[in-house]
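Notes to accompany the following structure.
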Amino acid sequence: MEIVITSDPESAAVIAADAIERLLKIEPNPVLGLATGSSPLPIYHELIRRYQRGIISFAHARAFLLDEYVGLEPGHPEAYKSFIQREFTGQVDLPHDALDGPDGTTKGLQSAPEAYETLIREAGGIDLQLLGIGSDGHIGFNEPTSSLGSRTRLKTLTDATRRDNARFFDNDIDAVPRHVLTQGIGTILDARHLVLIATGESKAAPIALAVEGPLTAMIPASALQLHPRVTVLVDEAAASGLLNANYYREAYENKPDWQPI
Ligand code: GLP
């Protein structure tokens, strides 16, 4: 696991955008895994800027969402598909039909998880998966005690997560769906490169547990310890609970030029 500590969220976003730019240039048909939430927004804004300057193109890319609420009507502004189209994919040249997310409409809910796994598999798997982290250590919507081998499936959100996400629903917790579809932890671990971004003091505790704590289903993000290629991008505030912060800084500062994240 590589832990990169940056002075501010924007510098973390530049490092993630550099990795995505490299992938877009190397892979003829790159497959991106996209996360929602506020943490990855600076990455998307940086990528939009690079697209507008003609540095990168998403014309041959595909993108898969990590998760989706169940039961919101299609096009609901807080559905994750609407969110990502508004904040990112609708502002670059990713073809409209190249973006997929789990189908969280109640029609066909039972078949949606397997259908989503099949779509990802048929696309050749995900090259680079962006991740945020919830205050309880969740990734995607895999709440604590999610099986570390889980695949895409229906989950019930904890009250804590519904409270965290109420800010997107006019602070009305009752408006936050109780159920979601999420890539499982096993699905996430299948991606070839995982890039987790966490910024701000509220992420210090879950980051410390995920990176330096024991592997446990109680902290789903600790499953990243099992993956051979993980980059954790944290600003100083989110890094403030890390015991080995100085070692991570030293390792990154002395990284060979030929070794990108
Ligand atoms: C939601 C999303 C996660 C995200 C988390 C943290 O639960 N399903 O993918 O990582 O929120 O969001 P934020 O980055 O806004 O703190």
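Residue numbers (the working numbering): 425 to 685.
Heads up, the beta-carbon is just placed ideally off N, CA and C, and yes, glycines get one too.
As the structure is a prediction and not an experimental result, all values here were calculated from the model.
Compute every distance between the C-beta of residue i and the non-hydrogen atoms of the ligand GLP, then say whether any falls below 7 angstroms.
{"i": "His469", "result": "no"}
{"i": "Leu490", "result": "yes"}
{"i": "His500", "result": "no"}
{"i": "Ala645", "result": "no"}
{"i": "Gly556", "result": "yes"}
{"i": "Phe593", "result": "no"}
{"i": "Asn589", "result": "yes"}
{"i": "Phe512", "result": "no"}
{"i": "Ser535", "result": "no"}
{"i": "Gly564", "result": "yes"}
{"i": "Ala628", "result": "no"}
{"i": "Gly461", "result": "yes"}
{"i": "Thr585", "result": "yes"}
By how many angstroms is the C-alpha of residue j removed from the C-alpha of residue i?
{"i": "Glu639", "j": "Ser646", "result": "One detail in the question is off: residue 639 reads as Leu in this sequence, not Glu. Taking the straight line joining both Cα atoms gives about 5 angstroms."}
{"i": "Glu497", "j": "Asn678", "result": "50 angstroms"}
{"i": "His500", "j": "Gly478", "result": "31 angstroms"}
{"i": "His651", "j": "Ile597", "result": "34 angstroms"}
{"i": "Gly637", "j": "Ala487", "result": "31 angstroms"}
{"i": "Leu605", "j": "Leu578", "result": "5 angstroms"}
{"i": "Asn453", "j": "Leu618", "result": "18 angstroms"}
{"i": "Asp432", "j": "Ile563", "result": "22 angstroms"}
{"i": "Pro464", "j": "Tyr504", "result": "13 angstroms"}
{"i": "Arg616", "j": "Ala483", "result": "21 angstroms"}
{"i": "Gly624", "j": "Glu434", "result": "12 angstroms"}
{"i": "Ala485", "j": "Val494", "result": "26 angstroms"}
{"i": "Thr569", "j": "Pro644", "result": "7 angstroms"}
{"i": "Leu554", "j": "Leu620", "result": "6 angstroms"}
{"i": "Ala441", "j": "Lys627", "result": "21 angstroms"}
{"i": "Asn668", "j": "Glu674", "result": "10 angstroms"}
{"i": "Leu458", "j": "Gly556", "result": "10 angstroms"}
{"i": "Asn613", "j": "Phe593", "result": "In the sequence under discussion, the amino acid at residue 613 is Leu, which differs from the Asn named in the question. Whole-angstrom Cα-Cα distance: 30 angstroms."}
{"i": "Thr580", "j": "Leu490", "result": "15 angstroms"}
Please state whether DSSP places residue i in a helix, a strand or coil.
{"i": "Arg616", "result": "coil"}
{"i": "Arg575", "result": "coil"}
{"i": "Val438", "result": "helix"}
{"i": "Leu518", "result": "coil"}
{"i": "Ile450", "result": "helix"}
{"i": "Ile427", "result": "strand"}
{"i": "Gly610", "result": "helix"}
Against chain D, does residue i count as a neighbour if the rule is that its beta carbon must be under 8 angstroms from one of theirs?
{"i": "Pro452", "result": "Included in the structure is just one protein chain, with no chain D present."}
Original post:
Residue ranges of each alpha helix (DSSP H) run of no fewer than 4 residues wholly in the region 525 to 579, ordered along the chain?
Top reply: 536 to 546
query = At which residue ranges does the region 613 to 674 contain complete alpha helix (DSSP H) runs of 4 or more residues, listed in the order of the chain?
reply = 628 to 636
Quick check on the DSSP output: what are the complete alpha helix (DSSP H) runs of length 4 or more inside the region 463 to 511, in order along the chain? 465 to 476 and 504 to 511
### Query
Is the region 579 to 599 in contact with the region 508 to 524, if contact means three or more CB pairs nearer than 8 angstroms?
no
Discussion item. Under 8 angstroms: do the region 531 to 547 and the region 465 to 472 share three or more Cβ pairs, one atom per stretch?
Written reply: no
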